[in-house]
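Everything on this sheet refers to the single structure shown next.
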Amino acid sequence: MPFVKVARAEDIPPRRTKFLHVGGKPVILANFSGRIYATFGLCPHQNNPLEGATMWDNLIDCPFHHFQYDVTTGENHFPGNVYPKDDERLLAQLRPLKTYSVELRNGEVWVDLE
Amino acid sequence: MGKVARQVVEQAGVNVDVLLDKLIRAAGAEFTTFYYYTILRVNAIGFDGEGLKEIIEDARIEDRNHFEALTPRIYELGGALPRDIRGFADIAGCPDAYLPQNPRDIKAMLNVLVEAERCAVRTYTEICNMTFGKDYRTFELALAILHEEVEHEAWFSEYLGEGPSGHFRRGAPGDSPYVKRFMTADFK
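Shown next, in the form of structure tokens:
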């Protein structure tokens, strides 16, 4: 799928997120250290929308259960950092958040939703 | 439910349904944390664990107090706790604080505890931000809980050697110095 324009960069200030639908697909944009990242817009834990999610350094924090994901990789940080590693049921809750490639073109945010 | 109690909050610009969702999730997290901290406390044994046990007990009892203090406000605003406790646990606003894979690993236990408290600090900061200058009663309650959650985080964080805070543990277990004024049935 080609890159599609989804927002203007100025709409996502540092440490902020912006939730939107692109062609019916929920997407969330996050500004970490001046760079914009894009991920799927539903938390993999229980498929709740990440609308209103907050940023803590590189971590995006789901407003429903406060599961946290590294926006640069999509990997779960919390509670993955404290859940026991021998419980398959718990480990299944720690699926990563799908990340998308982002390009900035003349102040516009373009995302490859492939 | 307090009809005017809810109306004044709505008229101040707060989406009360969203606020109630956050309060019920917060209450769920306090209730489940009380349960999981019980398991952590009984497993805090040995040279390192016994020293930690009393601090876990303070946090455990105070988290239960937070649940007690939140519940009346939920009903005042027209909300309700889920009828099924299983559903209540599922919507808890923070992940469960499970006993580590190795229960004798006290550092792993401390990480569970400190991360649970950090989740609580974020939760009540959000509620304070949402209600500041609009819903005075919920704000005061959330702020009181936040004070105690910040101290809990500091206790466990210091145990991990992350730096001094100047706090000290309670004079009596689970004293809730900030929240007890909201618990008129429990504290004299």
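Chains as they are written, first to last, in our numbering: chain B, 1 to 114; chain A, 1001 to 1188.
Cβ coordinates follow ideal geometry from the N, Cα and C atoms, glycine included.
Hey, quick one: how far does the alpha helix (DSSP H) through residue i stretch, first residue to last?
| i | result |
| --- | --- |
| alanine 1012 of chain A | Taken as a continuous stretch (DSSP letters only), alanine 1012 of chain A belongs to no alpha helix (DSSP H), as it is neither H nor E. |
| glutamate 51 of chain B | Neither: glutamate 51 of chain B is in no alpha helix (DSSP H) and is coded neither H nor E. |
| arginine 89 of chain B | 88–91 |
Mark residue i as exposed unless 16 or more other C-beta atoms lie within 10 angstroms of its C-beta, in which case mark it buried.
| i | result |
| --- | --- |
| tyrosine 1075 of chain A | exposed |
| histidine 21 of chain B | exposed |
| phenylalanine 1031 of chain A | buried |
| valine 1018 of chain A | exposed |
| glycine 41 of chain B | buried |
| tyrosine 1136 of chain A | exposed |
| alanine 53 of chain B | buried |
| methionine 1001 of chain A | exposed |
| phenylalanine 1132 of chain A | exposed |
| valine 1042 of chain A | exposed |
| alanine 1185 of chain A | exposed |
| glutamine 68 of chain B | buried |
| isoleucine 1004 of chain A | The sequence given here places valine at residue 1004 of chain A; isoleucine does not occur at that position. The residue is exposed, with fewer than 16 neighbouring Cβ atoms inside 10 Å. |
| cysteine 1163 of chain A | Residue identity differs from the one stated: residue 1163 of chain A is glycine in this sequence, not cysteine. The residue is exposed, with fewer than 16 neighbouring Cβ atoms inside 10 Å. |
| leucine 97 of chain B | buried |
| lysine 18 of chain B | buried |
| leucine 1110 of chain A | buried |
| glycine 23 of chain B | exposed |
| glutamate 1196 of chain A | Here chain A has residues from 1001 to 1188 only, and residue 1196 of chain A is not among them. |
| aspartate 61 of chain B | buried |
| lysine 25 of chain B | exposed |
| glycine 1046 of chain A | exposed |
| isoleucine 1085 of chain A | exposed |
| aspartate 112 of chain B | exposed |
| arginine 105 of chain B | exposed |
| leucine 1020 of chain A | buried |
| arginine 1122 of chain A | buried |
| aspartate 70 of chain B | buried |
| proline 63 of chain B | buried |
| glutamate 114 of chain B | exposed |
| serine 1176 of chain A | buried |
Ends of the beta strand (DSSP E) at residue i?
| i | result |
| --- | --- |
| serine 1157 of chain A | Note, serine 1157 of chain A: premise wrong, no beta strand (DSSP E); alpha helix (DSSP H) at 1136–1159. |
| isoleucine 119 of chain B | There is no way to answer for residue 119 of chain B, as the model of chain B reaches only from 1 to 114. |
| phenylalanine 32 of chain B | 25–32 |
| arginine 105 of chain B | 99–105 |
| leucine 20 of chain B | 17–22 |
| alanine 9 of chain B | Careful: alanine 9 of chain B lies outside any beta strand (DSSP E) and carries neither H nor E. |
| valine 1179 of chain A | From DSSP, valine 1179 of chain A is part of no beta strand (DSSP E); its letter is neither H nor E. |
| asparagine 112 of chain B | The sequence as given places aspartate at residue 112 of chain B; asparagine does not occur at that position. 108–112 is the extent of the beta strand (DSSP E) around aspartate 112 of chain B. |
Which residue spans inside the region 1017–1068 of chain A form an unbroken beta strand (DSSP E) run of at least 3? Annotation note: the region 1017–1068 of chain A contains no uninterrupted beta strand (DSSP E) run of length 3 or greater.
Whole beta strand (DSSP E) runs in the region 56–82 of chain B with 3 or more residues, listed along the chain? If we require 3 residues or more, the beta strand (DSSP E) runs fully inside the region 56–82 of chain B come out as 59–61, 68–70, 76–78.
Can you pull out the residues from the region 81–96 of chain B whose beta carbon lies closer than 9 Å to at least one beta carbon of chain A? Asn81, Val82, Tyr83, Pro84, Lys85, Asp86, Asp87, Leu90, Gln93
Against chain A: residues of the region 40–61 of chain B by CB proximity under 7 Å: Asp61
Counting beta carbon pairs with one atom in the region 2–13 of chain B and one in the region 25–37 of chain B, are three or more of them shorter than 8 Å? yes
Within 8 Å, do at least three Cβ pairs link the region 1026–1034 of chain A to the region 1083–1092 of chain A? yes
Listed in chain order, which residues of the region 5–29 of chain B have Cβ atoms closer than 7 Å to some Cβ of chain A? none
Positions along the region 1062–1082 of chain A whose CB lies within less than 7 Å of some CB in chain B: none
Output needed in chain order: residues of the region 1105–1116 of chain A with a Cβ under 7 Å from some Cβ in chain B. Asn1111, Val1112, Glu1115
Is there contact between the region 1104–1121 of chain A and the region 1068–1087 of chain A, where contact requires at least three CB pairs shorter than 8 Å? no
Three or more beta-carbon pairs under 8 Å between the region 1168–1183 of chain A and the region 1045–1053 of chain A, yes or no? no
Return the residues of the region 1088–1100 of chain A that lie within a Cβ-Cβ distance of less than 9 Å from chain B, sorted by chain order. Asp1090, Ile1091, Ala1092, Gly1093, Cys1094, Pro1095, Asp1096, Ala1097, Tyr1098, Leu1099, Pro1100
Tell me, please, whether the region 1058–1070 of chain A touches the region 1003–1021 of chain A by the rule of three or more beta-carbon pairs shorter than 8 Å. no
Would you be able to state if there are at least three C-beta pairs under 8 Å between the region 1147–1164 of chain A and the region 81–92 of chain B? no
Listed from N- to C-terminal order along the chain, which residues in the region 63–79 of chain B have their beta-carbon within a distance smaller than 8 Å of any beta-carbon of chain A? Answer in chain order: Pro63, Phe64, His65, His66, Phe67, Phe78, Pro79.
Would you list, in sequence order, the uninterrupted alpha helix (DSSP H) runs of no fewer than 4 residues that lie entirely inside the region 1068–1127 of chain A? 1085–1090
Going along the region 1135–1167 of chain A in order, which residues come within less than 8 Å of chain B, judged by CB to CB distance? Within the region 1135–1167 of chain A, no residue has a Cβ that lies closer than 8 Å to any Cβ of chain B.
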